[in-house]
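I have placed the structure first, in the form of structure tokens, so that the comments after it can refer back to it.
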Amino acid sequence: MRVSVVAGNWKMHGSVSFLEEFASDLAGALAHAGPNSGSVAPELLIFPAAPHLALARSMLPPEVAIGAQNIHAETQGAFTGELSAEMLDDMGIGWVLVGHSERRALFGETNADTAAKVQAAERAGVAAVLCVGETIDERRAGRAAEVVLAQLNAVLDVAGLGWLERGMVAYEPVWAIGTGETATPDQAQEMHGVIRQALAGRDADLASKVRLLYGGSVNPENAAELFGQVDIDGGLVGGAALVVEKFVAIARAVG
Ligand code: 13P
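Per numbering that gives the first Met the number 0, the sequence shown starts with residue 0, numbered consecutively.
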């Protein structure tokens, strides 16, 4: 049985006062009943903006894991504005998002860059969440699976499978991110199935254990049906993760 995960990607949002309020409200919600009151307790993960990483670690309840939204592939050096996986590990930050579609589309991150970052995370003992997903044009051209598999295989060919002992893959169709247009449960399941099958082609045992997250306009209304799909083990949530009540409701939707 795979333990479900609900992860919040705060992107470039937040402030000290936002964090204080979110932390206090989340602690209250978890103490009250908590997502742990259900049959399966989802792991909770928050990816705040880089300046808020240490604050988030100290303020959010200890059962909530913290991750960065991006890393550089090198350990250290003259890379102004960047941060390394080793720095995260040193600060007790155990997770990192790699290859988010906004990194790919807005900052020119290639599949090769993404593979190097996954390797860097593994080297530092930081668990990576590899994001993959097709654009609407690619989907309309019938190329969704091909694009997603190319993104996945580019990493697996270089980084191997070891990082997936703790790491995860998040399927985030670009056309569903921040648009309010969610993939249907069938569409999402189909792509998660493609991803798990590709992993199984390399290591069937590992593939059965790896958590695959869906991201793209997840909200309290659609979460339960999405998370009910056989290969969807939780969500990577953007906008709704900025509102405690919605984040907790989504966590409770994990069956
Ligand atoms: P939204 O939930 O706002 O669509 O964002 C999804 C996302 O990009 C999470 O990484």
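Glycine residues also receive a C-beta, built at the ideal position from the N, C-alpha and C atoms.
Predicted model only: the values in this text are computed from it and were never measured.
Bridge-paired residues (DSSP) for I65: Your numbering for residue 65 matches position 66 in the sequence shown. DSSP lists I45 as partners of I65.
Ligand 1 heavy atom lying under 7 Å from the CB of H191: Stepping through the sequence shown from its first residue, residue 191 is reached at position 192. Not so, every heavy atom of ligand 1 lies at least 7 Å from the Cβ.
Anticipated Cβ contact below 8 Å, G192 with D230, distance rounded: If you number the sequence shown from 1, residue 192 lands on position 193. If you number the sequence shown from 1, residue 230 lands on position 231. Right, their Cβ atoms sit about 5 Å apart.
I135 vs Y170 beta-carbon contact at 8 Å: Position 136 of the sequence shown, counted from the start, is the residue given in the question as residue 135. Position 171 of the sequence shown, counted from the start, is the residue given in the question as residue 170. Result no, Cβ atoms of I135 and Y170 do not sit closer than 8 Å.
Burial state of T113 (16 or more Cβ within 10 Å): Against the sequence shown, residue 113 aligns to sequence position 114. So T113 ends up on the buried side.
Closer than 7 Å: I176 CB and nearest ligand 1 heavy atom: Position 177 of the sequence shown, counted from the first residue, corresponds to residue 176. I176: yes, Cβ under 7 Å from ligand 1.
CA-to-CA distance, L163 to V117, given in whole angstroms: As a first step, residue 117 must be located in the sequence shown, where it is residue number 118. As a first step, residue 163 must be located in the sequence shown, where it is residue number 164. Using only the alpha carbons, I get a separation of about 10 Å.
Cβ-heavy atom distance, N268 to ligand 1, below 7 Å: Residue 268 lies beyond the residue range present for the chain, which begins at 0 and ends at 254; the question has no answer from this structure.
Contact under 8 Å by Cβ, G80 with A48: Here residue 80 refers to the residue found at position 81 when the sequence shown is read from its first residue. Here residue 48 refers to the residue found at position 49 when the sequence shown is read from its first residue. It is not a contact, given that the beta carbons lie outside the stated cut-off.
Buried or exposed by the 16-neighbour rule on C-beta atoms within 10 Å, applied to E101: As a first step, residue 101 is located in the sequence shown; it is residue number 102 there, counting from the start. Classification for E101: buried.
Cβ-heavy atom distance, H31 to ligand 1, below 7 Å: Taking the sequence shown and counting its residues from 1, the one referred to as residue 31 is at position 32. No, since every heavy atom of ligand 1 falls outside the 7 Å radius drawn around the Cβ of H31.
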